[in-house]
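Heads up, the thing below is written out as structure tokens.
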Amino acid sequence: MAEPEVLDPGVWRVPYETPTLPPATATNTLIVGTRRVAVIEPATPYATERAALDALLTERAAAGAEIVAVLVTHHHGDHIGYAFELAQRLRAPIYAHSLTAARLDFPVDVTLADGDRLELDDGYVLRALFTPGHAPGHLVYCEERTGIAYAGDLVAGIGTILIDPADGGDMSAYLDSLARLGAARPTALVPSHGPVITAPQECLERYITHRRQREGRVLAALHAGATRMPELLAGAYSDTPREIWWLAERSLDAHLRKLEAEGRVRREPDGQFVLT
């Protein structure tokens, strides 16, 4: 079982195994506060992993802590696997954005909007930052005392982030959200998957640059005469292993939709794409 990584006396990270996309195998749970404690992203569906989290929280309770909130970043299955059951067991409210609440099959007790704050104790405060793009209701939780931000699926410590329009993904909103998180000047990022990111500005700038470069490759493929998805995929993602082109095609669709919205690309009735 994973041991807690203590990022601060009131901020603990523990990865628990989840059925997530490879190369990731786990989703980070963040435990924030000392006496009034919030649990962010209890995501595991597996009994042994749930038991490990239960034991950890029982230890905290025996030391005088009260679990006062369960928070989720967005609706995807590898982020919510234990949220409802844990909240029921602890009699703690579930917090999420309203757009996330609309996509869940269990009730959300408190809906959060951009800038809403959850005060815990000893100066620990979680502030919701609305960061759509990967998912419509995605929230980042910024802890104000330490500056540590739980970034959810905005960035990854392992693997990459999928922007899938079929699931509400929006490339333009995603790029804006990366910039918004950068403007918040976090001291570190805890992604949902992988280790803590200790150079947050460098990470966020790298993500923005990567997406801009990929957009450039999509435009280059269009300029070279590619007009249909298979041709565009081969041109814009030639540096990506073919075995994950099925995922790359979703991101390509997100880039094309962004370019369409900006009036730079037109989608013809027969499915071809042309520069405008």
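Numbering-wise, the sequence shown is residues 1 to 276 according to the UniProt record's numbering. Note that the Cβ used here is the ideal one computed from N, Cα and C, for glycine as well. No experiment lies behind these values; they were computed from the predicted model shown.
Short check: CB of residue i to CB of residue j, under 8 Å?
i	j	result
PRO195	GLY157	yes
PRO136	GLY168	yes
TYR16	THR29	yes
THR25	ALA43	no
residue 314	VAL37	Absent from the model: residue 314. The displayed extent of the chain is 1 to 276, so no value can be given.
ALA221	ALA236	yes
ALA83	ILE67	no
LEU178	ALA149	no
Tell me the rounded alpha-carbon separation between residue i and residue j.
i	j	result
ALA128	VAL70	13 Å
GLU3	VAL14	6 Å
LEU126	THR20	26 Å
LEU118	THR198	24 Å
PRO132	VAL108	18 Å
ARG264	LEU275	6 Å
ALA87	SER238	45 Å
HIS74	VAL39	14 Å
ARG214	MET171	11 Å
ILE245	GLU231	One detail in the question is off: residue 245 reads as Trp in this sequence, not Ile. If I take the Cα positions, the gap works out to 12 Å.
SER192	PRO186	16 Å
ALA173	GLY216	18 Å
ARG266	THR227	10 Å
LEU256	PHE273	8 Å
TRP12	VAL32	7 Å
ILE41	LEU104	It should be noted that the sequence gives Glu, not Ile, for residue 41. Those two C-alpha atoms are separated by around 14 Å.
SER251	THR48	35 Å
THR160	ALA234	19 Å
PHE130	ASP114	5 Å
Would DSSP call residue i helix, strand or coil?
i	result
GLY216	helix
LEU30	strand
LEU154	coil
ARG36	strand
PRO165	helix
LEU178	helix
ALA2	coil
ALA24	coil
ALA188	strand
ALA149	strand
ALA135	coil
What does DSSP give as the partner residue(s) for residue i in the beta ladder?
i	result
PRO9	The partner list for PRO9 (beta bridge, DSSP) is empty, contrary to what the question assumes.
VAL125	GLU119
LEU275	VAL265
ALA43	BP columns for ALA43 are empty, so no partner.
PRO15	ASN28
GLU143	LEU126
Q.
Extract the residue ranges of the beta strand (DSSP E) inside the segment 47 to 112, only unbroken runs of 3 or more that lie entirely within it.
A. 66 to 71, 94 to 97 and 110 to 112
Q: Counting only runs of 4+ residues fully inside the segment 196 to 261, write out the alpha helix (DSSP H) ranges in chain order.
A: 200 to 223, 229 to 236 and 245 to 261
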